[in-house]
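In what follows, a structure is listed as structure tokens, so that the remarks can point back to it.
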Amino acid sequence: MLIFELSRPGRHSKGLSPHAAPGQGAIPEKHLRAQPPLLPEVSELDVVRHYTGLSQKNFSIDTHFYPLGSCTMKYNPRACNALAMLPQFLARHPAAPDDTGQGFLECMFELQELLKEVTGMEAVSLAPMAGAQGEFAGVAMIRAYHDSRGDAGRREILVPDAAHGTNPASAVMCGYTVREIATDAEGNVDIAALGSAVGPHTAGLMLTNPSTLGVFERGILEMGTIVHDAGGLLYYDGANLNAILGEVRPGDMGFDVIHINLHKTFSTPHGGGGPGAGPVGVNARLAPFLPLPLVAEAKGAYRLLGDADRPLSIGRLGAQLGNAGVLLRAYIYARMLGLEGMRRVAAFATLNANYLMAELRKAGFELAFPRRRASHEFLITLQGLKQRTGVTAMDVAKRLLDKGAHAPTTYFPLMVPECLLIEPTETESKRTLDAFVAAMKEILAEASENPALLKNAPHTTPVRRLDDVKAAREPRLTWKSP
Amino acid sequence: MPFIPHTEEDVREMLAAIGVGSFEELFDEVPRELRGRVGASVPPGLTEMEVTRLMHRRAERDGSWLNFIGAGAYEHHIPAAVWQIATRGEFYSAYTPYQAEASQGTLQLLFEYQTMMASLAGLEVTNASLYDGASALAEAVLMAVRAHKSARRVLIPATVNPVWRKVVRTIVRNQGIELLEAPYCSAAGHTLPGALEKFAAQDLAALVVPQPNFFGVLEPVDELADWAHAHGALAISVVNPVALALLKPPGQWGADGADIAVGDGQPLGVPLASGGPYFGFMACRRALTRQMPGRIVGETVDTDGRPGYTLTLQAREQHIRRSKATSNICTNQGLMVTAATIYMALLGPAGLARVARASHANALALATKLAEIEGVARAFSGPIFHETVLRLPVPVAPVMRALKAQGILGGLNLKHAYPELGDALLVCATETKNEQDLAFYAENLARIVGKRQAPRSGALKPTNS
Chain W
1 MLIFELSRPG
11 RHSKGLSPHA
21 APGQGAIPEK
31 HLRAQPPLLP
41 EVSELDVVRH
51 YTGLSQKNFS
61 IDTHFYPLGS
71 CTMKYNPRAC
81 NALAMLPQFL
91 ARHPAAPDDT
101 GQGFLECMFE
111 LQELLKEVTG
121 MEAVSLAPMA
131 GAQGEFAGVA
141 MIRAYHDSRG
151 DAGRREILVP
161 DAAHGTNPAS
171 AVMCGYTVRE
181 IATDAEGNVD
191 IAALGSAVGP
201 HTAGLMLTNP
211 STLGVFERGI
221 LEMGTIVHDA
231 GGLLYYDGAN
241 LNAILGEVRP
251 GDMGFDVIHI
261 NLHKTFSTPH
271 GGGGPGAGPV
281 GVNARLAPFL
291 PLPLVAEAKG
301 AYRLLGDADR
311 PLSIGRLGAQ
321 LGNAGVLLRA
331 YIYARMLGLE
341 GMRRVAAFAT
351 LNANYLMAEL
361 RKAGFELAFP
371 RRRASHEFLI
381 TLQGLKQRTG
391 VTAMDVAKRL
401 LDKGAHAPTT
411 YFPLMVPECL
421 LIEPTETESK
431 RTLDAFVAAM
441 KEILAEASEN
451 PALLKNAPHT
461 TPVRRLDDVK
471 AAREPRLTWK
481 SP
Chain H
1 MPFIPHTEED
11 VREMLAAIGV
21 GSFEELFDEV
31 PRELRGRVGA
41 SVPPGLTEME
51 VTRLMHRRAE
61 RDGSWLNFIG
71 AGAYEHHIPA
81 AVWQIATRGE
91 FYSAYTPYQA
101 EASQGTLQLL
111 FEYQTMMASL
121 AGLEVTNASL
131 YDGASALAEA
141 VLMAVRAHKS
151 ARRVLIPATV
161 NPVWRKVVRT
171 IVRNQGIELL
181 EAPYCSAAGH
191 TLPGALEKFA
201 AQDLAALVVP
211 QPNFFGVLEP
221 VDELADWAHA
231 HGALAISVVN
241 PVALALLKPP
251 GQWGADGADI
261 AVGDGQPLGV
271 PLASGGPYFG
281 FMACRRALTR
291 QMPGRIVGET
301 VDTDGRPGYT
311 LTLQAREQHI
321 RRSKATSNIC
331 TNQGLMVTAA
341 TIYMALLGPA
351 GLARVARASH
361 ANALALATKL
371 AEIEGVARAF
381 SGPIFHETVL
391 RLPVPVAPVM
401 RALKAQGILG
411 GLNLKHAYPE
421 LGDALLVCAT
431 ETKNEQDLAF
441 YAENLARIVG
451 KRQAPRSGAL
461 KPTNS
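Sequence lines, in order, name chains W and H.
Using this note's numbering, the first residue of the first sequence is number 1, and each one after it goes up by one.
Using this note's numbering, the first residue of the second sequence is number 1, and each one after it goes up by one.
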């Protein structure tokens, strides 16, 4: 049932809007709309019941184990939400003078400082509103840097073939062409291929480390030297920062510019697809190009820096500071963790991933990189299972929904066939991991005994498997009154 | 250990199951020289009670203000149900609905959102949101250039939010796209179609048309959309979604309607919150669907033939198309859209129109009151929605400081963005202001301006209140 189907002409929760304004106002007739918009005419209770009911059709961290690789679905502490929604924070207008927001700006300044410290970078901007926007900002800074030196021949960005799709897409938005670098049999970037790809045309290399294959790039220092010696810069995609938070810093690995997904590593909510926040960090040579605004401090007073303070900046990425409320949640999370808490993040995320990997291997699952240590996540491949039983990674993913766990990431990275990318995060208990292993064991048995059960899964969700082809071929993107 | 549930015994058992003796060994593939350098300057952790106290102190320091600033972010009443429902864990802590069967709540809500937003805009198709209004405008510019076969120039009037214009520049500058600026009529405060003729010979991919514009003034949108089409360009509208409860939707502008509509969704139930998170919306005509960036939800059926919802047309997106995607965007602003959908459902067409009408009435009343002050005048003659530009007889900045001392944030000083307007102030009043608020502002502004116009002391005009 859609909210529109609950609608009755003339129903109106009058107490939620202001009293009717007197008079007709002063908007000329030609500017007025003839027909009211298609919004439902329902009661407040209708709305509360309808959307509460819809919420109950979702899997979420608060209701289910959510081992979605590369997405870091860890617990989102409730205190972060409650404190970011204090009325004074919510009411403040973004264009209000800096002296009416000193409490807020102090949090933002301290968050910049904290992120610098835990990533080993020299300067941080909080402006990007998502990881992909952080990537865009990072690559735009690489371009601004080369351009500022008159080094205009650098027109190519290198990206490993295992990279997130946002990497090549961000590079193209900055006017670059993209060259993919192959991965070797052990899951590392092929260093020989990298060596032969770099040259005077190389603007930079975008790299996730640990990679999207769930392993640490052991040759990272050598890779940095290859790229830097060719005059390129090293970009760190912070998608997997949770694997190293408190253990290793991107700045120490030689990266010139990074973005951080606060909605992953700093536990801000994913919100059904956003908002995220993708702050960027840089070393000293890229600092002049950071996106605006930045928060500066002098004698205990905080202010936003703009164009006049930062003439070389790549500019603004959004109308305001960034996703301020997300940044506040990340700040609160960081303060609750503190130094000791942060040091434990990578350790326990890695412990959980390696434990789950070991137990699944014992249960009969095939690892994509059996000789490697897992980072905070790992890949299994179901290619053998598919050959034996016809059951695919998609079928296993859908059956897991019946067993009460959200599916891992499927079919990514693209070069590992029939893969599941599994990331348990540090906030899950051994008991939850054991239950997941038990569910996976059951599925493995079902695959041999009754593959149709998996082919037709899920069975217990609000809808069964959906016809994606029909959705794309005959797009129905809005509701039409019958 | 905050948020880590392991007991010492768990750790022992898990390390043994892995076959290692310590945490150290889990990192044995990481070069030794890279390890353990993390930040001594990170302060020690706080308990929930301690961080609560800290954040309350900081929030209280920021205080409460009587706010008359708009300029792209608008204060509206948000019904209590909006955020109580939106922050339910099932919405708040869910991921992007890639596993459709486990995400029907979010997906159906997004489908309802798309229906509401398409209807507000009077266009056939919307996506499931972008980051904010400014970046949505940048995406619309990119989309128009993709859709146009040859042109890489886009005409943006000076009456479009100046910060948004900067954002567009940042985002499109590396793709060889040229942005041209159209002037505005200094008397009316809106773009004049006749003044665009000097751009007629340019090969234009699009003309951007704001409604209302940054000055709060209503633009001659029918003529502007027609001008764009007559010159082979798309018409990109920039609209306020609350205003659309009253105003002609972009899809009906001129003979053929605007082709793309974008704007910031913040006025629909999203708090001001120092600037975010908000969300950007984008709607377009059906023919442009496959050029649209961002997520789109479609209705389909499951294997039992029951209706269900899923992300669709994903062949436009980065996770499928990589370097050939329509945009690098990955997330939408899902939680803000959740709030906006609940807000629109709670208000309905009548409630949203009441919000718009009350805001319009308050802005008119405030403009009238303030223009009665000696030396204060409205800068433009064009009709307004809920925001207006005033000219003061004295510099704006000190007046704003004096108002602030009375607890009033009096508006946005236009000195930097529009120096040609002189001592100009952009003022907004929404439905959140009552008569006493407007009177309090007017009294204080009269007093402050009067005092600063030293040679003509006591030159207050009588007010009619």
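Beta carbons are placed, not taken as given, at the ideal position from N, Cα and C, and that holds for glycine.
Because the structure is a prediction, the values reported are computed rather than measured.
When C-beta distances to chain H are compared with 7 Å, the residues of the segment 133–167 of chain W below that value are Gln-133, Glu-135, Phe-136, Ala-140, Arg-143, Gly-165, Thr-166, in chain order. Assignment of beta-bridge partners to Phe-378(W) by DSSP yields Ile-422(W). When 9 Å is used as the limit between beta carbons, Gln-102(W) is near these residues of chain H: Arg-58, Arg-61, Asp-62, in chain order. Taking 8 Å as the upper bound for CB-CB distance, Ile-380(W) and Ala-397(W) are not in contact here, some 12 Å apart. Membership of Ser-125(W) in the beta strand (DSSP E) is indicated by the continuous run 123–125. DSSP, reduced to helix, strand and coil, places Ser-359(H) within a helical segment of the structure shown. Contact note: Leu-453(W) does not reach chain H at a C-beta cutoff of 8 Å; the least C-beta distance is about 14 Å. Per DSSP, reduced to three states, the secondary structure at Tyr-441(H) is helical.
Annotation for Pro-210(H): the continuous beta strand (DSSP E) segment containing it runs 204–211.
Listed in chain order, the non-local C-beta contacts of Thr-159(H) below 8 Å within the same chain comprise Tyr-184, Gly-189, His-190, Thr-191, Pro-210, Asn-213, Phe-214, Phe-215, Val-217, Glu-219, local neighbours out to five positions each way being set aside.
Nearest CB-CB separation between Ser-237(H) and chain W: not below the 8 Å threshold. Counting along the chain, Leu-327(W) sits inside the alpha helix (DSSP H) bounded by residues 324–362. The beta carbon of Val-449(H) is closer than 8 Å to those of Ile-373, Glu-374, Gly-375, Val-376, Leu-392, Pro-393, Val-394, Val-399 in its chain, skipping five residues each way along the sequence. For the C-beta of Thr-191(H), not a single chain W residue is nearer than 8 Å; the gap to the nearest is close to 14 Å. For Asp-264(H), the enclosing beta strand (DSSP E) begins and ends at 260–264. Under the criterion of beta carbons closer than 8 Å, Ala-363(H) and Cys-428(H) qualify as touching, at roughly 7 Å. For Ile-171(H), the enclosing alpha helix (DSSP H) has its first and last residue at 162–172. Neighbourhood of Thr-388(H) in chain W, by CB distance below 8 Å: empty, with the nearest CB roughly 11 Å away. Taken in chain order, the whole alpha helix (DSSP H) runs of length 4 or more contained in the segment 214–279 of chain H are 221–230. Contact of Leu-213(W) with chain H by beta-carbon distance below 9 Å is absent, the smallest such distance being about 12 Å.
Taking a Cβ-Cβ threshold of 8 Å, the residues of chain W close to Arg-357(H) are Ala-20, Ala-21, Gly-25, in chain order.
Arg-92(W) and Val-270(H) have their alpha carbons spaced roughly 12 Å apart. In the structure shown, Ser-43(W) falls within a coil segment according to DSSP collapsed to helix, strand and coil.
Ranked by how close their Cα comes to the Cα of Glu-139(H), the residues Leu-46(H), Arg-37(H), Gln-436(H), Met-282(H) have Met-282(H) in first place. Nearest CB-CB separation between Leu-364(H) and chain W: below the 8 Å threshold. Linking Leu-221(W) to Met-253(W) through their CA atoms gives a straight-line distance of about 6 Å.
Looking at the DSSP output, Pro-157(H) bridges to Ala-182(H). Listed along chain H are Thr-170, Arg-173, each with a C-beta nearer than 9 Å to that of Ile-314(W). Interface residue (Cβ-Cβ distance to chain W less than 8 Å): Pro-97(H) is classified as such.
Put simply, the CB of Ile-329(H) is near chain W, with a gap under 8 Å to one of its CB atoms. The alpha-carbon separation between Pro-241(H) and Pro-94(W) amounts to approximately 19 Å. Chain H places a beta carbon closer than 8 Å to that of Ile-332(W), counting this residue as a contact. In the structure shown, the three-state DSSP call for Asn-167(W) is helix.
Annotation for Glu-180(W): the continuous beta strand (DSSP E) segment containing it runs 177–181.
For His-386(H), there is no enclosing beta strand (DSSP E), as DSSP marks it with neither H nor E. Taken atom to atom, the span from the alpha-carbon of Lys-299(W) to that of Val-124(W) is near 20 Å.
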